[in-house]
Every structure is written in structure tokens, then in C-alpha cells.
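Structure (C-alpha cells):
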């Protein structure tokens, strides 16, 4: 909504509140920089914020004004920091330059986690501005914060507002308004930097202001209708003032109702017939009085009211009457278009034909959908039914209007952003109702009951229109939303026990996630890259590839199944040295050289807590406690900290004692102790409650101690060192009970104890994994060999059957712990050293952290080597065709031959096209495999083998894909 359309306080009203807010924002303060004004719905918070915004805009001191609306899909918590940064950059050229510099340094920051955005787009640019503190206050306003999504989704935003804004220069003064929501109150109450003030509706000043507003408005109505100068009389104005119960929204809505009716006297009498009460009951009575004037005796009107207003209430953005007609099918199935319904709602809505419908106040939506307040009335709206109608309408719209190559693209060699006139074509060929349907069908579906009839509609859409829907999402730059929509659909279908939809949506989600870069950059690459490069067992490929006989095809080396990794977690800005699952398997904690630890949802990869920022140097090690809530971290700053995994609050520490980097930390099974190792050559045991060392440091190692772990019963500690030895200690006395265990020929970088407490596994710089008997110290089997680089991390599976190892060679290997043999091909996906690996408690997933700044989650049930093995088997045959002078790499593992239908004469560009395909397979990052593909394409080009490998066709994209 345009700020210029927002209402301000009437002159000479709300003077006390406006004066207090303005004075507070103008006054310098050494500790408080946020004023939170809260109050009940309809008490005038937004008019006050708009008036304050205009006041400071006139002074040239309004840095930003953000106002939220629950029906605006763009008002999401993840957009707030970006929007605030943009408005501040528009306000001040120096801030503009600093923000632009940050974006140039890190172009992906706009997609980074919220806290990272805050640091790079606000905190660092604002602190670098030398002249800010010499200026007057710069005011930033957030209005209706309670309208910003749901309490769950705005949790991280509230944490940043309540805790991080205090870190900004004090010249920035924040004014925030909202209702008294529990999550907002919890975040803002008792914070030293936040002034809290209630907007009281029962004051004499507030009552006088409402009376003044009514006098002013009735004067306008008298003039419009040529009424007597005394109308409506002081007595009736006082009665209406009393009816308002201190709510400006009541007074405003009543005036609209009175002024828009044919007889103002009659309209006023209708309102005054209601009895005043509490603020909520007063609003209920007003809304009921207005709605009662509609023709509810007509069953068709009642049905269409619920249909149209249901869509208005649950819609993700304001919908015009024409969009409502098309999505709801009202222009086809009935002669009563939505405009007829909306025309009755003038005093409750803001709407003009062809424009988006907006509720004048969110309290009206609350009333319509609250069963306790109007459940027995014909205008009651059941949200789940409204969402179902919208979901079905969206799918019906897509079924009708989606088609292949909807924007008539001629070639795959022009990126979406480079297409001449493509924006105009998108606006012309993708209607507003189709765009809405494509963006939000799944959002409405997830709140719909899982019934067979709806499941059948969803199934038919996915099985026939999926790729065409993906075209639109690519063109309107919403591919990320497409991936989320498919996850929502899979979860929804599982509730309906529709296994076919679950399987397809799951496969489609992997398809979109895997090829998101290629699809986002160029819509034709849905067909040119993603579809042909999908594995042979992909449900999407099986269903759609036969429909496009002239699409590129992989002749040799096509994968059978999707690679095993199911999730890539991005957010750290440097090496991830440590990963660990929570005991319930729902979260993953990571520690990084960017000096932070972070907690992620293990299913979605989203952050569930703000970054832990207490360390001053690299975080080498993190671990979850058995209680599922505590996290311990060890750092190069020589300290240990204990955190609350849900709130990011420090619980205890720093534990100080190590004289060099802390390289490893772990909890004891009883959560009373922590073991740590250090570059100071010691192992230490700490009391978690006091932070003191319980024992003298264990000093038998003669070099850095890289790793240590408690036994399952807590009685022993095993440690591995740069001195090439392993030692086993009594955890109560610190006496070395076993060792040194000698066998590795280089530094020991990682150790772990099996869940049954009988074996030790170790990983070393000698590229081997070794297994030891914890009682005798003897090696259980021959060294496990296969890694081509240092083994940086090892651990057992929960059932002790498997061992996993992460290596500097960028791979993860899985070994049978009993026989000492690899059970699969290496897991490939990371593009740099794998520093840490961890099993989920149920043994079904593996987490890994890497120098490539990502963590990955692998599906252990799908571990196989077919994808890479098939490429490797192809190499010996294919490479024999390439002259020896062009073989610049040994043992290449991936080479692809393609039959293509791209534009004739495009061989010179094939390298970028091929690498783009495989980069997508590697989850949007340039891996060793994609670098090899670059090399292969270059080699083929230089060797003039292009004609034998590439077959060209004409340049008509549409014809080529369908032509036999």
C-alpha cells in the first residue's frame, strides 16, 4: 500500500500521544533507541505512526517507514532488513554507497539468513558512516508489526529487533507499533534499550479526540446531503462517541457507513441501536449493523459473499474484482460477479473496479473468521473452506491457461534477464490471475483438508502441467517459491495418504532444487538441461521426457537415481569445521571459521536460532548435549561457551584455561562435564555448572590434541593427537588407562567411540581410517583405505554397524565397521575438504560440514554410487577418442555426450551450456565434476570432435522439442 494513501490523525487530535512520541524520538539517549507503542485493534496506532512519519519526513529526518499488512505476501519477515536497508540508502547517499559496497562484495547477501543481512546491510554500513553522530535523529518506523506474518515465522525478526538494533549508532531512533501479541511482548518487555508505552483508549483526551473527529466528519456529511446545520445533534454525537469505546476505527467505519448510505439519519440510527460495551464487542456490533443491511435472504448472495470475502480475507495479496472473478470462476459459472458483492462493502473495504481489494482494518477479518463472534451469522467465513476454494480456483486457472513456452521464447541461448522485451511479453502473456495462482496455490492448499476430491485435482495438475508451471515461476523469478510449494504439497498429500502425489512432489522438489540455478537463469533449460540430465528413475523424467523427443539426450553415463544428498545448508561465510545432530534429530548445529555457531532445521535447512556470536575467533568444534537444549562450542579464542540452542543465549562460560586454540569439545552423557582438547597439547575436563577444571590437565600427549570423546557410560575419554597416538583416560581420575595406541603414520585428526563402548575409530593425515579394541588397544582390522587425502573426521552409526569418514579429498566414505570394507561409492558433492561428519540419532541421515562453507544432509537409505560410477565406467571408452595431447587430467570421473537440439552453429558456446547443466546437478555449485566437464568440453572443441558428438538442429525451440 502506498504510504500516501494512509490516514493521518485529524488536526488537534491525539496531541498528547503525538507530542510524547515526537519528543521521545527527538531526545538523545545513551541507552534506549526503541519506542514500542502497543494497543488494542482499532485504537489508532497506524494513524499515529503515519502522522509521526509525515512530521519527521517534513523535517528531513525520516530514514524509513515500514508498515505491514497480513494480506500482503511481500510483508514477510525475511524482506524487512532488505527493505529497511534500501530505504536508508535512499535517505542518505553515504549510506547508499556503503550498502552498495557491501552488495558488491557479497552479491548473495540478499538471500542470506536474516542476521547476516542485518550485519552486512545495516550494522556495518551504518557504523562506517563517520558523520552520522553529528546529525539529528534519524527516525525509523515499523507500523503494525503484529501484521508481519505469523508469530513462528517472525521469531528471528523479533530477536533482531529486540537485541541487535541496540548495536546500531544511537542517532537511529525506532518507533514500533503493534497489538499486544504474546511473542512481541516477550521479545520487547524488560529490554534495557526499549521504552514500552500502552495506547490507552479510556482516557478523557482520547474520548475528546473521537468526539472532535465525529464533529468534523458530520460537518462534511451535512454539506454532502444539504442537512440542517444542527444535524445530527450533540446528544447523538455524544452517544456515538460512547459507542466507539475509545476506538478510532469504530468512529471511522461508522462515518463511512453513515455517509455512503442513501439516508444518513437512518444509517446513524442503525448504529445507535447497538449497545456499547467492550472494545471488541463494540466493533462486533458495528460490523453486524453494517452487514445486516445486505440481502441475506438470497441464498446465492450468501454463498457468493462467503466465496468472495473468504478470498479477500485469506488472499496472500490484494486481489482485484477481475482477478477474483477469474480465479473463483465467477465470470463463468454465475451472472453475479464479485463486483456486486464488493459494492455492498464500501464502508468496510477500500476498493475501486479493477483494483486490489483491501480491508479498511484487520479487525474486520478477525471478526468475519471468529466462530465465537459471528459463527451463527450468514456472513461467517470458515478459513479452511475459503482456502480450499482459492486452492481449487488457482489450480483450475493454471490448468486452463498454462501451456508450453508460454512466453514464446525463441532460443535457450538468451538468459531471462537478457531477453529483449521479455518483461513486456511476461506482462502481456501471464495474466495477474495466472501469476497469483502460480505463486500461491500451495500456500492455500496447506490449510485445506486432505480429501480425495482435492487430491485428485492436485494430482491431475502436477502430472500434466508441472513443467509449464515451472516455466512461469522461472519467468517471474520465483523458482525458490516453487521448491517450497512442492515441499508443502508433499506434506499435504501425506496427510491424505496419496502416495502418488507424495512421490511426485518429492521427486519434483529434488528436481527443482537440483537445477534451480539453470532454471532461474534461463526458462528453456527446464527442457534443455534439467529434464534430460535428471536420473532415469526420476518420476518427473519418466513422465515428461517422452513428451519432448527432440530435447537433448544423454547417450552415455546418465544417472539412475538422484545423488544421496537431500539438503544443502548455506549461511556461513567461511569454513564449517564442525557439525552435529541434536539428540532428537530435528536440528543441526554448525561451527565455522566465521566465528559463529548456527542451528538449522535438519529437514528444511532453515535457521531455527540466531547465530551464536560470543566467540572472537574460529569456532572449531560444537556439540549438542544429551538434554537436546544445550550446545557447547570451542574456539581459537582459547575459550569454551555453553549456549541455549533455542534462544542463542549464552548459558555459561567462557571457560578459561587452555593456553592455545580449543580444537574439540564434547558433553559427558550425564551432562555434568565437558571434555576439551587444545593446541596446548592437553585434554581438560570441566564442570558444566561452575566452568572450573575438575582435574589437572591430561598432559601425556606431546603435540596438539585434535579430538576427544566420552565413552557411552562416561567413565572413559579417548583422545587423538598430532603426535600420531591415541590415548584412553579414566574420566574421573585423569589417569591414562590405555596407550599410546600406535599405528597411524601421520597426525591423528579425529577419534570416536562406538555406541556399545567397545571400539575406537580414528582418522589420520595418513589418509587412513583405523578401528581399535578399547580394552586391548589392538587394531581390529586392516586400515581402511580409499581416501585420497587426509581423513579429517570419523564417527560410528548409532547401531555401530557403519563408520563414516570425511576427507580433504572432498568426499565422504561409508565403511562396514565389522569387515572393514567400503559399502558404497564415495559421497560426492562438496567442492572442498570435508571437515566434519555426523550421523542422525536414527541412523537415516548423515550431516557433513566443509571448507566450501556449506553443510549437507545425506539420505543414508539412498547411498549408492551409481551416479558417479556410471560416468567413471564411460571414461575409458570415451577418452580413447581424445588425442593424448588434450588429456590434461588423470582419471576423470564424469564425461557426458549429448544429442542436442539447440540453435545451429552454437558449438562455440557449448562449454557454458554443458557446465551449467552439471553445475545444477551438483546443487548449484561448481564442483570437481563440473570443473571436469568444463575441461571435457574445451578438450572436445580443441580436438575438433564436436561434429561427432554434437548433432545440431534448427533454432526453433518449440518445434525442436516436439519434432520426431
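Residue numbers (our numbering): 386 to 1349. Heads up, the beta-carbon is just placed ideally off N, CA and C, and yes, glycines get one too.
Counting along the chain, residue 411 sits inside no beta strand (DSSP E); it lies in the alpha helix (DSSP H) bounded by residues 400-411. Non-local C-beta neighbours of residue 1236 in its own chain, meaning closer than 6 Å and more than five positions away in sequence, comprise 960, 1217, 1218, ordered along the chain. For the options 1227, 1226, 1228, 1192, the alpha carbon positioned closest to that of residue 1213 is the one of 1192.
In the structure shown, residue 803 falls within a helical segment according to DSSP collapsed to helix, strand and coil.
If you look at residue 873, you'll find it in the alpha helix (DSSP H) that goes 864-880. Residues of the same chain with a CB within less than 6 Å of the CB of residue 391, apart from the 5 flanking positions on each side, are 435 in chain order. Distance between residue 1096 and residue 1140, taken at the CA atoms: about 8 Å. The residue among 1176, 1227, 1123, 507 with its C-alpha nearest the C-alpha of residue 1182 is 1227. Nearest to residue 730 by alpha-carbon distance, out of 770, 699, 676, is 676.
Excluding five sequence positions before and after residue 1039, the CB atoms of its chain that fall closer than 7 Å to its own CB belong to 1024, 1025, 1026, given in chain order. As the crow flies, the alpha-carbon of residue 784 is around 39 Å from that of residue 673. By the beta-carbon neighbour count (other beta carbons within 10 angstroms, threshold 16), residue 858 is buried. Excluding five sequence positions before and after residue 1130, the CB atoms of its chain that fall closer than 8 Å to its own CB belong to 1109, 1149, 1151, given in chain order. The beta carbon of residue 577 lies closer than 7 Å to those of 416 in the same chain, with the five residues before and after it left out. Our two residues, residue 688 and residue 698, have alpha carbons roughly 15 Å apart in a direct line.
In the three-state reduction of the DSSP assignment, residue 499 falls in the helix class, which pools H, G and I.
DSSP lists 963, 982 as the beta-bridge partner residues of residue 976. The three-state secondary structure of residue 767, taken from DSSP, is coil. The Cβ-Cβ distance between residue 630 and residue 966 does not fall below 9 Å. Residue 779 sits away from residue 832, with the two beta carbons spaced by 9 Å or more. Distances from the alpha-carbon of residue 946 to those of 925, 937, 938, 953 put 925 closest. Take residue 527, set aside five residues on each side of it, and the residues of its chain with a beta-carbon closer than 6 Å to its own are 451, 561, in chain order. By the Cβ-count criterion, residue 535 is exposed, with fewer than 16 other Cβ atoms from all chains shown falling within 10 Å of its own Cβ. Judged by DSSP in its simplified three-state form, residue 423 adopts strand.
In the DSSP secondary-structure assignment, residue 452 is bridged to 528.
The three-state secondary structure of residue 1137, taken from DSSP, is strand. Here the stretch 499-508 makes no contact with the stretch 400-418; the two share fewer than three CB pairs at distances below 8 Å. Contact between residue 835 and residue 864 is ruled out by a C-beta separation of about 26 Å, above the 8 Å threshold. If the five residues before and after residue 990 are omitted, its C-beta is found closer than 6 Å to the C-beta atoms of 952, 954, all from its own chain and listed in chain order.
CA-to-CA, the gap between residue 1049 and residue 1069 works out to about 10 Å. Under the DSSP assignment, residue 649 falls in the alpha helix (DSSP H) whose first and last residues are 649-657. Inclusion of residue 1207 and residue 1171 in the CB contact set at 9 Å is warranted, their separation being smaller than that value.
Below 8 Å, enough C-beta pairs join the stretch 615-627 and the stretch 588-598 to call them touching: three or more.
Taking residue 929 as the centre and dropping the five residues before and after it, the same chain places the C-beta of 851, 852, 916 closer than 8 Å to its C-beta, in chain order. The criterion of a C-beta distance shorter than 9 Å is not satisfied by residue 446 and residue 750.
The residue from 1194, 813, 1200 with its alpha-carbon nearest to that of residue 1188 is 1200.
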